[in-house]
DNA sequence: GTCTATACGCCGATAGAC
DNA sequence: GTCTATCGGCGTATAGAC
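Chains as they are written, first to last, in this note's numbering: chain A, 1 to 190; chain B, 1001 to 1190.
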């Protein structure tokens, strides 16, 4: 039974609410309700709503790094590691169906709000991008590893968006198959 | 010089603001400002904000149908018509870079708001989907025209999302080239 | 058909008691 | 560190004059 500080509890509750209801649409009352504290108590831990957003993005970055570290441990070849990334679509299938990709949707909301944290949201994408680029480079695609990484990122985003819109399980299954086939063509070994 | 009714002016101003700033984040004051009328005057034309959203979605549907009709006129082969669809990414490049795809981002916002109009927003995607399916069917891909149509839709969505996030012109150019190559592989004739 | 005035609630944020 | 009380502003929506 791990104990979490109030600050940590706020960040976790806000993280979930920002994802499921949107940042702008989430009020302090919503977060307070989720944590079980009063509204006024927030300002002891954060000085503004934007400050909470900053902490949420930082929290997501750290979780992303942890997830990537886990893939490095579990999978032995670059190709298998890239498949771990693709597999997020399966692991988070239910949430993506309902709310879309947490990174893509936050990034776009930040863009529409002209929010100062837009670049921080994009930085989460960059973590995936750099890591995917490294995987492609290590599997013999040095010359265009960057493009391949962006393509995988883009492909998964499109799949998440359309799955969220149509909620069609057959579509998701078919795209996942096609990504695997494509990956096998790009990386011959293993 | 066409004359527009106040109702039409409201719908057009709201359409743009919903796209650029988000539906939830757009206030009546914003729309009133854009049109040049007072806030109270709204309720003579629409009974609620959701009513305006309904009219905006209907307006977008009609514009989509007009756009598709234009493609039918301009392009002679199914392949060329599909290329017209892809070319939206070029024609609306500046807007997509700043705000993302209007259909994909509205659909996702509706999902997060658990909004009753979510299905109406998805219906705009369906217009493209049905039409793309017809194009693939007409070019000899009857057996999996549906899957190919969804793949094109998904691909363009992913490209729009990542272009909005990273604002990388090279990425956009590269994906466009790849889509064309892929299309040439799917449809041999013409 | 357009306006002003206004109701009423929720928003983020502050002050200060305990 | 947590609470209650409260502020000023903005949100949608309504009523009613012109």
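Backbone N, C-alpha and C fix where the C-beta goes; we use that ideal spot for every residue, glycine too.
I need the straight-line Cα distance from residue i to residue j, nearest angstrom please.
{"i": "residue 1046(B)", "j": "residue 1114(B)", "result": "21 Å"}
{"i": "residue 1155(B)", "j": "residue 1104(B)", "result": "12 Å"}
{"i": "residue 1122(B)", "j": "residue 189(A)", "result": "41 Å"}
{"i": "residue 56(A)", "j": "residue 91(A)", "result": "21 Å"}
{"i": "residue 1274(B)", "j": "residue 1028(B)", "result": "As displayed, chain B neither begins before 1001 nor continues past 1190, which places residue 1274(B) out of reach and without an answer."}
{"i": "residue 19(A)", "j": "residue 1073(B)", "result": "42 Å"}
{"i": "residue 1112(B)", "j": "residue 137(A)", "result": "37 Å"}
{"i": "residue 175(A)", "j": "residue 1140(B)", "result": "21 Å"}
{"i": "residue 1030(B)", "j": "residue 1044(B)", "result": "17 Å"}
{"i": "residue 1166(B)", "j": "residue 1179(B)", "result": "19 Å"}
{"i": "residue 1051(B)", "j": "residue 51(A)", "result": "35 Å"}
{"i": "residue 1076(B)", "j": "residue 160(A)", "result": "33 Å"}
{"i": "residue 26(A)", "j": "residue 17(A)", "result": "6 Å"}
{"i": "residue 1068(B)", "j": "residue 1142(B)", "result": "21 Å"}
{"i": "residue 64(A)", "j": "residue 70(A)", "result": "10 Å"}
{"i": "residue 1094(B)", "j": "residue 1080(B)", "result": "23 Å"}
{"i": "residue 218(A)", "j": "residue 1083(B)", "result": "Outside the modelled stretch of chain A, which goes from 1 to 190, sits residue 218(A), for which no answer is possible."}
{"i": "residue 1169(B)", "j": "residue 33(A)", "result": "43 Å"}
{"i": "residue 37(A)", "j": "residue 49(A)", "result": "16 Å"}
{"i": "residue 4(A)", "j": "residue 1040(B)", "result": "49 Å"}
{"i": "residue 1089(B)", "j": "residue 6(A)", "result": "45 Å"}
{"i": "residue 1117(B)", "j": "residue 118(A)", "result": "27 Å"}
{"i": "residue 184(A)", "j": "residue 1066(B)", "result": "41 Å"}
{"i": "residue 87(A)", "j": "residue 177(A)", "result": "11 Å"}
Are the C-beta atoms of residue i and some chain B residue less than 7 Å apart?
{"i": "residue 157(A)", "result": "yes"}
{"i": "residue 111(A)", "result": "yes"}
{"i": "residue 24(A)", "result": "yes"}
{"i": "residue 21(A)", "result": "yes"}
{"i": "residue 29(A)", "result": "no"}
{"i": "residue 145(A)", "result": "no"}
{"i": "residue 94(A)", "result": "no"}
{"i": "residue 165(A)", "result": "yes"}
{"i": "residue 108(A)", "result": "yes"}
{"i": "residue 203(A)", "result": "Residue 203(A) lies beyond the range of chain A shown here (1 to 190); nothing can be said about it."}
{"i": "residue 100(A)", "result": "yes"}
Residues in the same chain with beta-carbon distance under 8 Å from residue i, minus the five sequence neighbours each way, listed in chain order, please.
{"i": "residue 59(A)", "result": "11, 12 and 15"}
{"i": "residue 24(A)", "result": "109 and 113"}
{"i": "residue 21(A)", "result": "30"}
Compare the Cα-Cα distances from residue i to each of the options and report the closest residue.
{"i": "residue 1097(B)", "options": "1023(B), 1173(B), 1186(B) and 1063(B)", "result": "1173(B)"}
{"i": "residue 182(A)", "options": "71(A), 152(A), 56(A) and 31(A)", "result": "152(A)"}
{"i": "residue 126(A)", "options": "146(A), 185(A), 116(A) and 110(A)", "result": "146(A)"}
{"i": "residue 85(A)", "options": "54(A), 4(A) and 157(A)", "result": "157(A)"}
{"i": "residue 1008(B)", "options": "1042(B), 1163(B) and 1099(B)", "result": "1042(B)"}
{"i": "residue 1107(B)", "options": "1187(B), 1079(B) and 1053(B)", "result": "1053(B)"}
{"i": "residue 124(A)", "options": "101(A), 142(A), 89(A) and 184(A)", "result": "101(A)"}
{"i": "residue 120(A)", "options": "186(A), 62(A), 48(A) and 187(A)", "result": "62(A)"}
{"i": "residue 1186(B)", "options": "1037(B), 1078(B) and 1040(B)", "result": "1078(B)"}
Quick check: is any heavy atom of the ligand GDP less than 6 Å from the C-beta of residue i?
{"i": "residue 1113(B)", "result": "Here there are no bound small molecules, and the ligand GDP is not part of this structure."}
Flag residue i as yes if its beta-carbon sits less than 7 Å from any beta-carbon of chain A, otherwise no.
{"i": "residue 1013(B)", "result": "no"}
{"i": "residue 1061(B)", "result": "no"}
{"i": "residue 1125(B)", "result": "yes"}
{"i": "residue 1149(B)", "result": "no"}
{"i": "residue 1117(B)", "result": "no"}
{"i": "residue 1177(B)", "result": "no"}
{"i": "residue 1171(B)", "result": "yes"}
{"i": "residue 1006(B)", "result": "no"}
{"i": "residue 1154(B)", "result": "yes"}
{"i": "residue 1174(B)", "result": "yes"}
{"i": "residue 1104(B)", "result": "yes"}
{"i": "residue 1040(B)", "result": "no"}
Looking only at its chain, what residues have a beta carbon closer than 7 Å to the beta carbon of residue i, apart from the 5 residues adjacent to it on each side?
{"i": "residue 149(A)", "result": "129, 132, 133 and 136"}
{"i": "residue 163(A)", "result": "96, 97, 171 and 172"}
{"i": "residue 1144(B)", "result": "none"}
What residues from the region 1131 to 1143 of chain B come within 7 Å of chain A, judged by C-beta to C-beta, listed N to C? none
Output needed in chain order: residues of the region 1065 to 1084 of chain B with a Cβ under 8 Å from some Cβ in chain A. Taken residue by residue, none of the region 1065 to 1084 of chain B has a beta-carbon sitting less than 8 Å from a beta-carbon on chain A.
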